[in-house]
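Numbering (this note's numbering), first residue to last: 84 to 223. What follows is a single structure, written as structure tokens, with notes after it.
Right, dumping it as structure tokens:
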């Protein structure tokens with residue numbers, strides 16, 4: 084399954100688009116949500132077939148429904164450059180979640196540019212101090 088195949092793209096969305104601490108959604112949950120919220124008939128088996136590459140020619144309606152469910156533009160499935168951009172954003176969001184700094188990032192969005200510079204400088208100073216003293220050894 085290639086990274087830029089429909090299967091690879093759908094697999095990435097299943098793995099990355101979820102809340103902290105939650106497992107991947109089931110194929111049944113995805114199909115039921117799409118049917119209930121978008122009125123698009125799609126089976127859990129068909130979603131599984133798309134993700135595993137057993138089917139590889141979905142309709143535009145199915146791609147649009149899946150994109151809407153996962154909160155990405157439908158172009159994610161159609162344009163490799165768009166896929167790269169969205170994947171980079173998803174990786175960044177996952178890193179933020181994994182680092183436990185989601186609240187900091189969300190609050191920083193409402194701070195002035197000057198305030199963000201000050202916060203950034205403070206974080207840099209704390210990081211440098213901890214690096215020098217060995218006070219924080221983050222697991223890799």
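We treat Cβ as the ideally placed atom computed from N, Cα and C, and that holds for glycine. Computed from a predicted model, the values in this text were never measured in an experiment.
Discussion item. Less than 9 Å between the beta carbons of residue 166 and residue 157, yes or no?
Written reply: no
Practice prompt. Pick helix, strand or coil for residue 88, following the three-state DSSP scheme.
Written response: coil
Worksheet item: So, is residue 95 buried or exposed, given that buried needs 16 or more other C-beta atoms within 10 angstroms?
Response: buried
Item to complete: Could you tell me whether the Cβ atoms of residue 123 and residue 173 are closer together than 9 Å?
Response: no
Worksheet item: Do you know whose CA, among 155, 145, 195 and 159, lies nearest residue 87's CA?
Response: 159
Worksheet entry | Closest by C-alpha distance to residue 148, when choosing among 175, 135 and 115 | 115
Practice prompt. Name the residue from 89, 210 and 177 whose alpha carbon lies nearest to the alpha carbon of residue 143.
Written response: 89
Practice prompt. Within its chain, find whatever has a CB closer than 7 Å to the CB of residue 134; leave out the 5 residues flanking it on each side and keep chain order.
Written response: 90, 93, 94 and 97
Practice prompt. Determine the closest residue to residue 121 out of 205, 215 and 153, with distance taken between C-alpha atoms.
Written response: 153
Worksheet entry | Coil, strand or helix - residue 183 by DSSP | coil
Item to complete: Check residue 147 in the structure and name its three-state DSSP category.
Response: helix
Worksheet entry | chain B contact for residue 217 (CB, 9 Å cutoff) | The question asks about chain B, but that chain is absent: this structure has only one protein chain.
Practice prompt. Could you check if residue 141 is buried or exposed, using at least 16 other CB atoms within 10 Å of its CB as the buried criterion?
Written response: buried
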